[in-house]
Amino acid sequence: MDEQVYDPQALQAKWQPRWEELKPFAVVEDDADPRPRRYMLDMFPYPSGDLHMGHAEVFAIGDVVARYWFLKGYNVLHPIGWDSFGLPAENAAIKRNAHPAEWTYSNIDTQAASFQRYAISFDWTRRLHTSDAEYYKWNQWLFTRFFERGLAYRKGGLVNWCPNDQTVLANEQVVAGKCERCGADVIRRELTQWYFKITDYADRLVDDMARLEGGWPDRVLTMQRNWIGRSTGADVEFEIEGRKDPVTVYTTRPDTLYGATFFVVAADAPLAAEIVTEERRPALEAYRAEVAKLSDIERMSTEKEKTGVYLGVHAINPVNGERIPVWAADYVLADYGHGAIMAVPAHDQRDLDFALKFDLPVKVVVHTGMADPGESGKATPGEGKLVNSGPLDGLGKTEAIEKIIEILAERGTGKATVNYRLRDWLLSRQRFWGTPIPIIHCGECGEVPVPDADLPVVLPDLRGEALAPKGVSPLASATDWVNVPCPSCGGPAKRDTDTMDTFVDSSWYFLRYLDPKFDDGPFDLAKAEKWGPIDQYVGGVEHAVLHLLYSRFFTKVLHDMGMITWDEPFLRLLNQGQVINGGKAMSKTLGNGVDLGVQIDNFGVDAVRLTMVFAGPPEDDIDWADVSPAASLKFLARALRVMTDASGAGTDVAAGDLELRKVVHRTIDEVTKLVETHRFNVAVARLMELTSATRKAIDSGPGAADPAVREAAEALAVMLSIVAPYTAEEGWERLGHQPSVARATWPVADPALLVQDSVTAVVQVAGKVRDRLEVSPDISDTDLEVLALSSEKVKAHLDGAPRKVIVRAPKLVNIVP
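Sequential numbering of the sequence shown, starting at 1, is according to the UniProt record's numbering.
Written out as structure tokens, the structure is:
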């Protein structure tokens, strides 16, 4: 077969309908099946259009894992569904004067066809859509269970508000002060909203990450720990002149209490309005109006110039009785700690910036050996000996903290405590296309859950302009839907008109995949025990906080409800990088977008998949300007030609060429280890080397009839199938096997053929290869260094003794002259 006649489109047209008939990836639920189970999960897509280059990368990576597991003899669950509620569909419906479902399900159908074309090993019988009533019914059922356990509650307070999308946002959905969805500047607004009490699980969410180390990327664990932000410190009570009750502040450095020279209240906290003098009230109200325009991120930025308003009152420092002025400022948040802080400007940079701006005292109480902060403008937050601190003088940080907490406890003005950056999950949304919150508001009975028998609460038929954002949910206009009798007393009542954050949908969807048609609960408990937790999860690092934290929270709640016995959802996590072009993110504005469909039309599915996997480690970005699907296409043609030419080879492997057999089995051994450690790009390189070695054996070695050639071609077909399934399937058939190659067995290396008589050691001088030495694979670093320095080719590039010799026996010597 000439490589030039390799036709990827013909292979796709041939094998796609065959696979649809064979269903090689259907899950077997038979308990008699002896195969161990594995659950492979991709983060499910949002149906905003057809598949794009990012989908091409992440699903190719996940498919490598799933197909490998199938070939290794596992009963694999690899499902697909769509995260199909959300603002893009609603905005599209407004623009098109249509219902969000029309846009949503049309895009789902498009993506489903593209997934089938892209040959992902999904079990299509598990397909689900979170916007189906049969799915979101169970969102509502779970909400009710959370409500009954005190984990779902409603309260008033300041929230993040997107003025463009006209809805609230969780803290995690505000990026650099802007709405994650539309990019509009986020403001703060007073609203009564629904929350999930994720803070009840803060300690477990932190502590249990120790069990994920080694299975999750370190940076994701760090991001979650930082977001939860657990810290130990003390609650300290300050009296405010003119106020009956003291105000509590939280500090991680109670040892610096003697250095507190002023007191700061969050400008938008009720406390500020309560204690301000009448003379200073107009200034405070004007300032609060300005602060309302800022996001939490902007307020906490160290780059932002400090602003504030003096409230006209003083606080009393509980350790020395000093009167210190009370200010309102934007760099303290109303919902962090107690909404107020003691300011120690000498040892906190934000406090120091504020003090210098408003000419407030700076008092050093920790001697660190650095310049005076009041003069240098640089705070000294580190450790040292306490000074100017009465009974704490001379103590180190740890001893001083213990001592001051003891003193505060004796006086009844403080105690040791733990604090968290994490806030409860704000889940109300003032938009239509989401799960209706299953609560009925009754004037007599209060908040009444919709009875389970009346679930799901189905969305009314609103479309077009009726969905336009109005500051309240569009559902409020559906009066026939809103006005209902109270389930408890039968009196007139109203449905809650907010919908749930779509992250509720994705917090437990992996359990619904176990049986999407199950109707006796949100998921089949018995199947959850068989399949859970998920063995491998693949998706973007951008979900490190938003989605993964919420999923972990849900899983722990379900565990506590007795529905599952495991309390972490994902044993292993693999994050993929981005697909960029020319060093920049793809965008229409830059004109550097790459259309996945065009790439597939030009080069075929296998070439695109191979390019994605071969481009680099999964976690690295892929720059499309630096890769070549055309080169991938040429390799696939060579590989198929090798499999075709080997079809007439003998089957007595023991009689095959020994040197080629060694190459085959070393490749099997290496590729197996590389796939297990997710070094997929290097595994592809090894398959390319095997293809070249087999080609050489056919053309100038033992010939196409040698049994070792067949062994090589069959191993190539099976291993290549995890990356390029169309090409591998065709090659497998030409080698005389029944389809599907997905039902074959991953080859096993013969240990006897892995023994190497010699290894080629590369010797570099100043980074350039100067010699290659054939050495024993067991050679020591010392012996290899002696051989390298004895080489005449090496000596020719050295002028005297080298400065440094780096040896990595048995394969590398790097000499620095």
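Think of the CB as a built atom: it goes at the ideal place given N, C-alpha and C, for glycine as much as any other residue. Computed from a predicted structure; not experimentally measured.
Between the options, which lies nearest to residue i when the distance is taken from Cα to Cα?
| i | options | result |
| --- | --- | --- |
| valine 264 | Ala289, Val664, Val313 | Val313 |
| arginine 230 | Lys696, Arg38, Thr252 | Thr252 |
| aspartate 480 | Ala630, Pro487, Asp461, Cys489 | Asp461 |
| proline 569 | Leu549, Glu785, Gly382 | Leu549 |
| leucine 546 | Ala133, Leu221, Asp255 | Leu221 |
| asparagine 419 | Asp200, Leu633, Lys293, Glu274 | Asp200 |
| proline 438 | Asp498, Glu402, Ser477 | Asp498 |
| glycine 616 | Val168, Val608, Val682, Arg211 | Val682 |
| tryptophan 566 | Gly81, Lys530, Asp601, Ala625 | Lys530 |
| aspartate 657 | Glu241, Gly62, Thr694, Ser628 | Thr694 |
| valine 168 | Tyr153, Ala400, Val186 | Val186 |
| valine 448 | Arg495, Pro474, Thr435 | Arg495 |
| alanine 355 | Glu278, Phe510, Ile324, Asn602 | Ile324 |
Just mark residue i as buried or exposed, buried being the case when its beta carbon has 16 or more other beta carbons within 10 Å.
| i | result |
| --- | --- |
| cysteine 182 | exposed |
| proline 456 | buried |
| methionine 342 | buried |
| glutamine 224 | buried |
| serine 5 | A small correction: the amino acid at residue 5 is valine; serine does not occupy that position in the sequence shown. Exposed, since its Cβ has fewer than 16 Cβ neighbours within 10 Å. |
| valine 249 | buried |
| aspartate 2 | Confidence at aspartate 2 is low in this model, with a pLDDT of 46, below 50, so the placement of that residue should be treated as unreliable; the coordinate-derived value is given next. The residue is exposed, with fewer than 16 neighbouring Cβ atoms inside 10 Å. |
| glutamate 670 | buried |
| glycine 414 | buried |
| methionine 561 | exposed |
| isoleucine 806 | exposed |
| arginine 411 | exposed |
| residue 845 | Residue 845 falls outside the range modelled here, since the chain spans only 1 to 817, and no answer is possible. |
| glutamate 90 | buried |
| proline 270 | exposed |
| asparagine 483 | exposed |
| cysteine 489 | exposed |
| valine 538 | buried |
| asparagine 317 | buried |
In the DSSP assignment, the beta strand (DSSP E) including residue i goes from what residue to what residue?
| i | result |
| --- | --- |
| methionine 342 | 340-343 |
| alanine 152 | 152-162 |
| proline 436 | No beta strand (DSSP E) holds proline 436; DSSP gives it neither H nor E. |
| tryptophan 327 | 323-329 |
| threonine 565 | Where threonine 565 is concerned, there is no enclosing beta strand (DSSP E), given that its DSSP letter is neither H nor E. |
| isoleucine 120 | Segment: none, isoleucine 120 is in no beta strand (DSSP E) and carries neither H nor E. |
| glycine 539 | 536-540 |
| arginine 770 | 768-775 |
| valine 365 | Run containing valine 365: none; DSSP gives neither H nor E here. |
Flag this pair as yes or no: are the beta carbons of residue i and residue j separated by less than 7 Å?
| i | j | result |
| --- | --- | --- |
| lysine 178 | threonine 261 | no |
| proline 802 | valine 759 | no |
| phenylalanine 503 | arginine 512 | no |
| residue 837 | alanine 712 | The requested residue 837 does not occur in the structure, where the chain is confined to residues 1 to 817. |
| alanine 379 | aspartate 348 | yes |
| histidine 665 | leucine 720 | no |
| methionine 500 | leucine 427 | yes |
| aspartate 351 | valine 344 | yes |
| tyrosine 118 | isoleucine 722 | no |
| aspartate 83 | phenylalanine 44 | yes |
| histidine 78 | serine 121 | yes |
| valine 458 | alanine 66 | no |
| proline 817 | alanine 766 | yes |
| valine 775 | valine 813 | no |
| phenylalanine 85 | tryptophan 508 | no |
In the DSSP assignment, find the alpha helix (DSSP H) that holds residue i and state where it starts and stops.
| i | result |
| --- | --- |
| proline 373 | 373-376 |
| arginine 189 | Arginine 189 -> not in any alpha helix (DSSP H); beta strand (DSSP E) instead, spanning 187-196. |
| leucine 636 | 629-645 |
| alanine 710 | What sits at residue 710 in the sequence shown is arginine, not alanine. Note, arginine 710: alpha helix (DSSP H), 707-720. |
| histidine 99 | Note, histidine 99: premise wrong, no alpha helix (DSSP H); not H, not E. |
| phenylalanine 25 | Segment: none, phenylalanine 25 is in no alpha helix (DSSP H) and carries neither H nor E. |
| tyrosine 250 | Looking at the DSSP string, tyrosine 250 is not in any alpha helix (DSSP H); the run it does join, the beta strand (DSSP E), is 247-251. |
Runs of alpha helix (DSSP H) wholly within the segment 41-94 (minimum 4 residues, chain order) | Restricted to the segment 41-94, the alpha helix (DSSP H) segments that are unbroken, complete and at least 4 residues in length are 53-71, listed in chain order.
Residue ranges of each alpha helix (DSSP H) within the segment 383-466, 4 or longer | Counting whole runs of 4 or more residues, the segment 383-466 contains the alpha helix (DSSP H) stretches 397-411.
3 or more residues per run - each beta strand (DSSP E) lying fully within the segment 258-332 = DSSP runs (the beta strand (DSSP E)) wholly in the segment 258-332: 262-266, 308-316, 323-329.
Enumerate, from N- to C-terminal direction, the unbroken alpha helix (DSSP H) stretches of 4 or more residues contained entirely within the segment 555-613.
-> You should have 596-603.
Beta strand (DSSP E) segments (min. 3 residues) lying fully within the segment 452-531 = Within the segment 452-531, the complete beta strand (DSSP E) runs of at least 3 residues are 483-485, 492-495.
Start-end ranges of the beta strand (DSSP E) lying completely within the segment 194-241, minimum 3 residues = The beta strand (DSSP E) runs lying completely inside the segment 194-241 and spanning 3 residues or more are 231-240, given in chain order.
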